Amino acid sequence: MSLDILFPFRRNFLDLNGHQYHYLNEGKGEPVVMVHGNPSWSFYYRNLVTELSHEYQCIVPDHIGCGFSEKPGDDQYDYTLNQRINDLESLLDHLQIKENITLVVHDWGGMIGMGYAARYPERIKRLVILNTGSFNLPSTKKFPLPLWICRNTYLGTVLVRGFNAFSSIASYVGVKRKPMSKAVRKAYVAPFNSWKNRISTLRFVQDIPLSPTDRNYQLVESIDQSLPQFQDVPTLICWGLKDFVFDKSFLDVWKQKMPHAEVNEFADCGHYILEDASNEVINLVQSFMSKHP
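Each step along the sequence shown adds one to the number in full-length UniProt numbering, with nothing skipped, and position 146 is 146.
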């Protein structure tokens, strides 16, 4: 099955300081902004876009270095969380999306999306949280050894950029209920097809803050401190409990910080919850949005 069949959407581009920033813009109505993480791209949200675009305007960017967006070198782009938030803000300002936003976040999308929300809390109408975080590593969570190797060693650089290990392995271990089809797995890894084009996959891992001396640590702390102002915002959490990174330790923090949230736990699902439990999660999102018009 070809990518055009799996991902039958118009490709839109915004010039961001000379770099082509790809995004989906499907449907009309209230905006639903979906923010992906690493090592995925807007493809992750394809089924949700297909269903929600009948009633809503679905906006899904590919972060620079991901998907159909340009993949510049370090000398041309600052691969940091703050820049990612700036990029998302530029896109939404360009599209004049400044109110009634339903924000859907996954993986690094939690930091990026909630970083934007922290700047403009009045723009957020609903939150949908999928296996992610917008706070520093929970005290109950040990940083996984494979991520440490990728983050801190030359071996990790060779594995990620030379062999596409991170994206490839994620396409296998990121699902637990059922394996991805060959076509879907191929689509996930397709954008990261060379040493040059795998730069963002590695930089995302290297950008994970683990101590107060890391450059994003204080920014993530400030995003975390912004969360109490969203306790009146309708929130849906859908969580695959077999995620080896964003595991129950992260979910427990979300429950503490967002006690009003509607929480749905999937004991047999992994990190890519929209692959493992696509229909269930989409139905939950549609029902949630209908309940909070």
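Ideal Cβ positions, reconstructed from N, Cα and C, are used throughout, including at glycine.
Bear in mind the structure is a predicted one, so any value in this text is a computation, not a measurement.
Pairing residue 45 with residue 34 gives a Cβ-Cβ distance under 7 Å. Taking C-alpha positions only, residue 289 is separated from residue 235 by approximately 10 Å. For the pair of segments examined, the region 23–30 was found to touch the region 49–59: the number of CB pairs separated by less than 8 Å reaches three. Annotation: the continuous beta strand (DSSP E) that includes residue 265 extends over 262–266. Between the region 66–80 and the region 198–210 there are three or more inter-stretch CB-CB distances shorter than 8 Å, so the stretches are counted as touching.
Shown here, residue 56 sits in coil according to DSSP, grouped into three states, outside any helix or strand. Contact between residue 285 and residue 6 does not hold, since the beta-carbon distance rounds to 20 Å and is not under 8 Å. Straight-line measurement puts the Cα of residue 218 at about 35 Å from the Cα of residue 293.
Within a 10 Å sphere around the beta-carbon of residue 61 sit 16 or more other beta-carbons, which makes this residue buried. Closest by C-alpha distance to residue 249, out of 86, 133, 258, is 133. In the three-state reduction of the DSSP assignment, residue 99 falls in the coil class, being assigned neither a helical nor a strand state. With fewer than 16 other CB atoms across the displayed protein chains lying within 10 angstroms of its CB, residue 183 is exposed. According to the DSSP assignment, residue 94 belongs to no beta strand (DSSP E) but to the alpha helix (DSSP H) extending over 81–94.
The beta carbon of residue 181 is closer than 8 Å to those of 1 in its chain, skipping five residues each way along the sequence. DSSP places residue 175 outside both helix and strand once states are collapsed to three, so it counts as coil. Residue 57 and residue 31 have their C-alpha atoms roughly 5 Å apart.
Beta-bridge pairing by DSSP links residue 126 to 102.
With a cutoff of 7 Å on beta-carbon distance, residue 136 and residue 220 are scored as near each other.
If you draw a straight line from the Cα of residue 81 to the Cα of residue 90, it is about 14 Å long. One thing to note: residue 103 has its Cβ no nearer than 7 Å to the Cβ of residue 233. Only residues of its own chain outside the window of five on either side were considered, and among them 149, 150 have a CB closer than 7 Å to the CB of residue 156, listed in chain order.
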